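Residue numbers (my numbering): 3 to 383.
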Amino acid sequence: MKIKGLLVFFTVLQFFFSGEESALAGGENFGLGPLEIRPQFLVNQPFLAMSPENTLTLKGGETRLSIGMEIANTFVNTQGPTEQITKTETARGLTLTDFLDKDGNTVNGFSLYLDAESKRKKIKYRYGLSDSLEFKLELPFVSFDGGTMDSTIESVHSMVGISNFKKGGAYRALSERNQYDYYVVKDGQFVFASTKQIYNVRGEPNMDLKWNLSAGGKVMPAASLKLSYKFANTDRSGEQKLIRSGGADWGHYFILSKGFDNWIVYFGDGQTRIGNNLGFASSLFHRFMSMEYRFSEVDSFVFQTVSQSSIFPTSSASSRSTSGENQEQRNSNLSVPTSVSAFGYKYLSGSIFWESGFVQDYNNFGNETDFVFFWELGVHW
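Here it is in C-alpha cells:
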C-alpha cells in the first residue's frame, strides 16, 4: 500500500475515533516516549530484540493499530584487512576458502561478509487491559536485497575524511555497490550463505505485556516493566532460516522516566534470553537512555543512545586489538557491545500519531548496521 493511501486511511479513522484529549496524555513524568526501534543487524533479525518504550501505557479499553518500516544498510567484511574478499571473489561467489587466514588456516570463531539492505515491515496492535497494563502483538515481514544507500554512505565517509579502503570505512571500496551477499562462517563452516534476495518473508511474531508500576512525582520517576515473548516457528526451510530462529525467546525491560519542564528523560535496562541460539550468544543485555524535548503537546524531538551486548559470543582474544596477524584477534571485535545513537521526531494529534528518525552506529566494530531509517504511522481509539 502506498504512503498516500495510508494517510487517507488513517485520516478517515481519525474522523471516527478522534477525541479532545490525547490517548497518551499523562502526568509530568510522561511524554510521547522514546524511539521504538530495535537492532537491525542482519544476524539479529531471527531473534527477539527489545526496543525502548514509553513508561506510559494505554488506558483500559483503548486500542492502537500501526504499521511501520525500518530500512537498514549493513556492510561487514572481516577479511578486509587481508583483502582476501574483494569484487573479484564476490563476482564468482564466495567459498569457505575465502574465509581462511592468509596462511590458509581455518579461522577460529566467526568470520563475516555482509553486504545488504534490510527492510523490516511491522504491524503492531496494542490494547489497554487496564489503566496501567498494556498488551502488544507485533508481526514482522522482512526483506533482504542490495539496496540503494551504498553510494550515499561512501560519499558521506569521503566528505568527513573516512577512507572506504580502510577499517573506518568498513573496507566498502573493495566491493561493488548495491550488491547482496550474506555470509556467516563459524569455525570454518557456513552458518548462513545467501546471495538470493528475499522479499516480505513473514517472521516470528512477538507479544509484550507492559505494566506501569508508578506514575512517579516531583522527586521519584515513573516506572514500568515490559515483558516480551517471541513465538517459535520451526519451519526454517529455504529463505525462512535467515529470519526465523525456530525457538521461543523471552525478555524484559525495566524503564524509568522523569520530567523536567519541557524535557523528559528515559532510562531502560533489560535482558533477552534466546531459546534456539543457532551457535550465537544465548542471552543479550540492553540499555538505553532517551532525552525528549516537547515542542508542544503534540510533537517532540528525541535523541537516544542504545547499547546491547553482541549477538556473537565473547572471544578469548583481545577485543580491541587492531594489529597482529591472528585473524581471530581481529574478528573478536565482533563480541564488543554495540553502540548506536538515534535521532527522531514524534507527532501525536487527535488519534493520529507519527514517528520517524534515523540510527547511526558509532563504534565501528562490525557487529551493527551502518545506517537505519525508520518510520511508524498509526491510529488509536
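A virtual CB, placed ideally from N, CA and C, is assigned to each residue, including glycine. Since this is a predicted model, take the numbers as computed values, not measurements.
Extent of the continuous alpha helix (DSSP H) run through residue i
{"i": "Arg94", "result": "89-94"}
{"i": "Thr154", "result": "152-161"}
Residue i to residue j span [Cα, whole Å]
{"i": "Glu38", "j": "Tyr127", "result": "14 Å"}
{"i": "Thr154", "j": "Asn75", "result": "11 Å"}
{"i": "Gly368", "j": "Leu96", "result": "19 Å"}
{"i": "Glu294", "j": "Val374", "result": "20 Å"}
{"i": "Phe79", "j": "Asp372", "result": "Looking at the sequence provided, one finds Asn at residue 79 rather than Phe. Distance between the alpha carbons of Asn79 and Asp372 is about 13 Å."}
{"i": "Met291", "j": "Leu258", "result": "10 Å"}
{"i": "Ser134", "j": "Leu116", "result": "42 Å"}
{"i": "Gly326", "j": "Lys168", "result": "For Gly326, the pLDDT reaches just 46, beneath the cut-off of 50, and the residue's location in the model is therefore unreliable, although a value from the coordinates is still provided. If you take the alpha carbons of Gly326 and Lys168, they lie about 16 Å apart."}
{"i": "Phe137", "j": "Asp210", "result": "6 Å"}
{"i": "Tyr231", "j": "Asp301", "result": "31 Å"}
{"i": "Phe262", "j": "Asn56", "result": "16 Å"}
{"i": "Gln86", "j": "Asp100", "result": "6 Å"}
{"i": "Pro41", "j": "Thr90", "result": "31 Å"}
{"i": "Ile349", "j": "Trp356", "result": "The sequence given here places Tyr at residue 349; Ile does not occur at that position. Going by the C-alpha atoms only, they are around 5 Å apart."}
{"i": "Thr324", "j": "Phe297", "result": "The predicted model places Thr324 with a pLDDT of 47, which falls under 50 and marks its position as unreliable; any figure quoted below should be read in that light. The alpha-carbon atoms of Thr324 and Phe297 are separated by roughly 44 Å."}
{"i": "Trp377", "j": "Tyr268", "result": "20 Å"}
{"i": "Ile164", "j": "Val158", "result": "8 Å"}
First and last residue of the uninterrupted beta strand (DSSP E) at residue i
{"i": "Glu136", "result": "135-147"}
{"i": "Met209", "result": "208-216"}
{"i": "Phe200", "result": "Strictly speaking, residue 200 in this sequence is Ile, with Phe absent from that position. Start and end: 200-204."}
{"i": "Val187", "result": "183-188"}
{"i": "Gln191", "result": "191-196"}
{"i": "Ser230", "result": "224-232"}
C-beta contact flag for residue i and residue j at 8 Å
{"i": "Tyr347", "j": "Phe303", "result": "yes"}
{"i": "Asp152", "j": "Arg174", "result": "yes"}
{"i": "Ser311", "j": "Pro48", "result": "no"}
{"i": "Gly249", "j": "Gly272", "result": "no"}
{"i": "Leu2", "j": "Gly62", "result": "Residue 2 is absent from the structure shown; the chain starts at 3 and stops at 383."}
{"i": "Ser353", "j": "Val308", "result": "no"}
{"i": "Ala234", "j": "Glu206", "result": "yes"}
{"i": "Ser196", "j": "Asn333", "result": "no"}
{"i": "Gly277", "j": "Asp251", "result": "yes"}
{"i": "Asn208", "j": "Glu140", "result": "yes"}
{"i": "Asp189", "j": "Asn279", "result": "no"}
{"i": "Leu379", "j": "Gly70", "result": "yes"}
{"i": "Met52", "j": "Tyr255", "result": "yes"}
DSSP bridge partner residues for residue i (one or two, in chain order)
{"i": "Asp271", "result": "Phe256, Arg289"}
{"i": "Met71", "result": "Lys123, Trp377"}
{"i": "Phe314", "result": "None, per the DSSP bridge assignment."}
{"i": "Gln362", "result": "Ser343, Phe373"}
{"i": "Phe77", "result": "Asp117"}
Residue closest to residue i, alpha-carbon to alpha-carbon, out of the options
{"i": "Phe176", "options": "Glu156, Asp189, Phe192, Gln191", "result": "Rather than Phe, the amino acid found at residue 176 in this sequence is Leu. With distances taken between Cα atoms, Leu176 lies closest to Glu156."}
{"i": "Ala283", "options": "Leu336, Gly35, Asn208", "result": "Leu336"}
{"i": "Asp183", "options": "Ser160, Leu139, Ser120, Met222", "result": "Ser120"}
{"i": "Ile266", "options": "Glu299, Glu91, Asp251", "result": "Glu299"}
{"i": "Thr59", "options": "Lys228, Gly111, Thr88, Thr84", "result": "Lys228"}
{"i": "Asn202", "options": "Thr150, Val193, Phe146", "result": "Phe146"}
{"i": "Met222", "options": "Gly240, Lys260, Pro339", "result": "Lys260"}
Cβ-heavy atom distance, residue i to the ligand HEM, below 7 Å
{"i": "Thr307", "result": "Absent from the structure shown: the ligand HEM. Ligands present: none."}
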